[in-house]
Amino acid sequence: MKKSIQDSLIEVIRETLRDLKLFDHLKEDLYLDFPTDSRFGDFFTNIALKLSKELKKSPRDIAAAIIESVKQNLTKSDLNYYVSQIKAEGAGFINFYLADKYFYEKLQELVTKGPDSLRLNKGAGKPVLIEFVSANPTGSLSVAHARQGAVGDCLANVLGFLGFKVKREYYLNDEGNQINILGESVELRIRELNGEQIEFPEEYYQGDYIYDIAKEAKKNKIKTGQLGDFAASYILKIIKKELDDFGIKFDIWYSQKELGKSGKIEKGLEALKKKDYLYEQEGALWFKSTVFGDDKDRVVRKSDGAYTYLAPDIAYHQEKYRRGFEWLINLWGPDHHGYIGRIKSAISAFGHNPETLSIIIVQLATIFKQGKPVLMSTRKGQYITLREVLDEVGKDASRFFFLMRRTSSHLDFDLDAAKKQTSENPIFYVQYAHARICSIIHSNTLSLKEATDLSVLKEKEELALIKKALQFSSILNICYSTLDPYMLTVYLQELSETFHKFYDLHRVLGEDSVLTQARLCLIRGVKIALATGLDLLGVSKPEKM
RNA sequence: GCGCCCAUAGCUCAACUGGAUAGAGCGCCAGUCUUCGGAACUGGAUGUUGCAGGUUCAACUCCUGCUGGGCGCACCA
């Protein structure tokens with residue numbers, strides 16, 4: 032893995048600060064920022080501002096001294112070839128301007144090497160388990176699960192691209208209270224089908240699909256005690272189909288029932304007991320999670336002898352580590368945020384660093400139709416399902432829309448906008464850019480050269496487009512450090528916009544074959560960035576629309 | 001009462017995690033094609049970043065306190 036110019040520059044600056052005996056005054060890590068405006072160069076650093084107070088000198092003076100020294104160090108290195116200017120500007124920022132030839136070379140590399148040149152090897156093969164959706168098999172997936180699915184799958188793609196060894200897992204709650212209620216709901220519907228007058232309790236599953244299951248169970252002569260399992264596996268098939276149509280494939284389906292049978296829950300509790308983290312009180316068994324900073328201790332076995340949800344979950348997370356994963360990522364709904372403390376306590380109790388468990392709370396999405404929110408009434412089976420959204424707007428638009436906002440923010444999902452085939456619909460805007468590029472490449476009659484003279488790309492829009500395409504890796508870096516893939520959707524829209532603007536002003540296929548080759552190279556690079564981004568989102572990249 | 005999330009243009013959201021003049025889309029107004037896809041592009045108007053303090057050379061961003069909204073605080077899952 033070659034070092035980026037950014038990292039090399041940072042090294043030179045660090046060395047310079049050591050020379051000037053300023054390095055120890057710097058309290059934080061040295062890094063280079065991207066300016067909001069290209070007028071301020073390609074990178075900048077604010078160290079002169081940070082140092083000014085302690086050194087009691089003006090930031091501009093410090094910046095000037097640093098620049099002087101950096102320039103000298105640069106003459107000794109081959110970086111000098113790529114850095115065109117270093118200036119102190121504004122309040123005391125040090126701005127680095129790269130020579131155009133640097134971008135030409137990177138673009139050439141992107142086109143010859145393809146998406147691989149966009150990879151940053153952050154993961155180095157580290158095994159990561161990302162658990163998401165994990166909905167109870169008691170009904171179709173809701174939009175809340177859908178958003179979790181989109182975020183989880185995309186994040187898994189991104190981490191995989193960055194060199195992590197990622198597994199996707201669905202924790203299957205296939206036993207316990209909810210499954211019992213599900214079984215009883217089916218039983219009542221069967222009796223109803225048999226002509227019996229029944230009273231259907233409110234807390235039971237109300238949806239019409241229960242009738243379908245009842246009919247099926249009746250046909251197959253399922254015994255009453257088996258109805259819960261039968262219904263759960265029936266629904267699981269539906270869920271799997273929904274996920275499949277949404278483009279999500281889980282590597283592992285982890286069954287709670289199997290976990291229970293294995294005896295690992297008991298073993299987990301025994302282990303906790305040995306460490307003296309369990310105690311009995313009022314007939315229940317408690318976990319001392321307060322030792323690890325939880326706000327109160329938690330019951331793991333109720334006074335009636337049944338486990339709470341936490342007991343198998345403790346064993347489950349312990350198993351995740353035992354299976355060799357070094358980093359666990361869980362995506363939960365906002366109703367689970369109170370659960371973070373106890374599960375982190377549990378893994379701490381087993382001696383794992385709680386930092387190796389990242390919990391991402393995925394906020395809810397509200398579906399808008401004709402400008403109005405479609406309200407969810409939870410219990411009655413009257414919620415918007417993933418299936419409905421898929422049927423209405425399709426896989427591409429729904430995945431993109433679910434990823435368009437910061438994961439920790441509420442999301443308004445406008446079904447009507449997602450259906451539109453105009454720039455009002457960001458996914459079409461992005462896919463259109465891709466299709467347009469394909470169309471140009473298709474119309475081209477020159478044979479494409481592997482190496483071309485790119486120095487003819489001097490227009491403002493051309494350079495802006497090259498730089499935008501090359502920004503790809505640093506965007507992925509942001510997704511990685513925030514564990515949030517949404518920035519990728521923002522970036523793809525920006526890249527598309529930069530392309531459309533370029534396209535409108537400059538013709539790719541022209542009389543001048545040198546320029547044509549160069550511009551073809553440029554749009555091929557943009558195509559690679561767009562296509563790679565769309566792949567990571569799990570959205571198709573059509574050549575024609 | 002406690003905890004988490006949110007509040008930015010009329011609406012939906014950005015602002016690269018503390019940087020330089022807070023930006024896009026929609027909507028509104030006015031424009032751009034004999035040529036690679038007009039599903040596009042250009043220009044115009046719109047802001048006390050919910051309020052009040054604080055930290056900082058620098059705050060939409062961090063801290064404290066309010067206000068308003070969403071969610072959660074089980075021997076439920």
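Residue numbering for the first sequence follows the working numbering, beginning at 32 and increasing consecutively.
Cβ atoms here follow ideal geometry from the backbone N, Cα and C, with glycine treated the same way.
It should be emphasised that the depicted structure is a prediction, and the values quoted were computed from it without experimental measurement.
Given residue i as reference, the closest of the options once Cα atoms are compared
i	options	result
T483	V331, G556 and D50	G556
L553	G314, S429 and K499	K499
D422	S478, E273 and A315	E273
L57	K403, G191 and R45	R45
F530	Q548, T476, S571 and A464	A464
V461	D515, G259, S478 and Y522	Y522
E200	K144, A166 and L442	A166
I221	V101, K196 and G259	G259
N361	V393, F381 and G382	V393
G121	F127, I97, E136 and R91	R91
D239	I253, L224 and R49	L224
S39	L61, F459, L501 and F503	L61
L446	Q257, E455, T563 and S439	E455
G364	K107, L110, D275 and V174	V174
N126	A155, S376, G72 and K102	G72
F124	C185, P146, D109 and I78	I78
E247	R332, A562, S544 and Y265	Y265
K268	F75, V487 and S171	S171
For residue i, three-class secondary structure by DSSP
i	result
N361	strand
V404	One point to set straight first is that residue 404 is Pro, not Val, in the sequence displayed. Strand.
L309	strand
T529	helix
Y133	helix
V570	coil
R410	Since pLDDT at R410 reaches only 46, below the 50 mark, its modelled position is unreliable, and the value read off the structure follows with that caveat. Note: R410 maps to coil in three-state DSSP.
T397	strand
T387	helix
F261	helix
L172	coil
R23	As displayed, the chain neither begins before 32 nor continues past 576, which places residue 23 out of reach and without an answer.
A248	helix
E234	coil
I378	helix
L316	strand
V521	helix
Y340	coil
Cβ neighbour criterion (16 or more within 10 Å) applied to residue i
i	result
D307	exposed
T453	exposed
G183	buried
L82	buried
I229	exposed
F231	exposed
T409	Because the pLDDT at T409 is just 44, under 50, the model does not fix this residue reliably, and the value given afterwards should be weighed accordingly. Answer is exposed; the Cβ neighbour count stays below 16.
P22	This structure gives no information on residue 22, because the portion of the chain shown stretches from 32 to 576.
Y414	buried
K558	buried
M32	Any reading at M32 must be qualified, since the residue scores a pLDDT of 45, below 50, and its modelled position is unreliable; the value itself is stated next. With fewer than 16 Cβ atoms within 10 Å of its Cβ, M32 is classed as exposed.
R69	One point to set straight first is that residue 69 is Ser, not Arg, in the sequence displayed. Counting Cβ neighbours within 10 Å, S69 comes out exposed, since fewer than 16 surround it.
T143	exposed
P168	buried
K88	exposed
G336	exposed
K84	exposed
E218	buried
D515	buried
Supposed contact pair residue j and residue i - C-beta distance, whole angstroms, cut 8 Å
i	j	result
E386	K157	Contact doesn't hold; Cβ gap of about 14 Å is too wide.
L551	I472	7 Å
L203	Y236	17 Å between Cβ atoms; not a contact.
V570	R430	5 Å
G372	G324	7 Å
F195	V159	5 Å
K153	L193	4 Å
L290	P343	6 Å
D131	L494	7 Å
F533	E492	4 Å
query: Which whole runs of the alpha helix (DSSP H) in the segment 33-104 are 4 residues long or more, in chain order?
result: Runs of the alpha helix (DSSP H) inside the segment 33-104: 36-50 and 78-86.
request  = Could you tell me which uninterrupted alpha helix (DSSP H) segments, each at least 4 residues in length, are contained entirely in the segment 176-232, listed from first to last along the chain?
outcome  = Within the segment 176-232, the complete alpha helix (DSSP H) runs of at least 4 residues are 208-224.
Let me know the beta strand (DSSP E) ranges lying completely inside the segment 422-501, each 3 residues or longer, listed in chain order.
Restricting attention to beta strand (DSSP E) runs no shorter than 3 residues, the segment 422-501 encloses them at 442-445, ordered along the chain.
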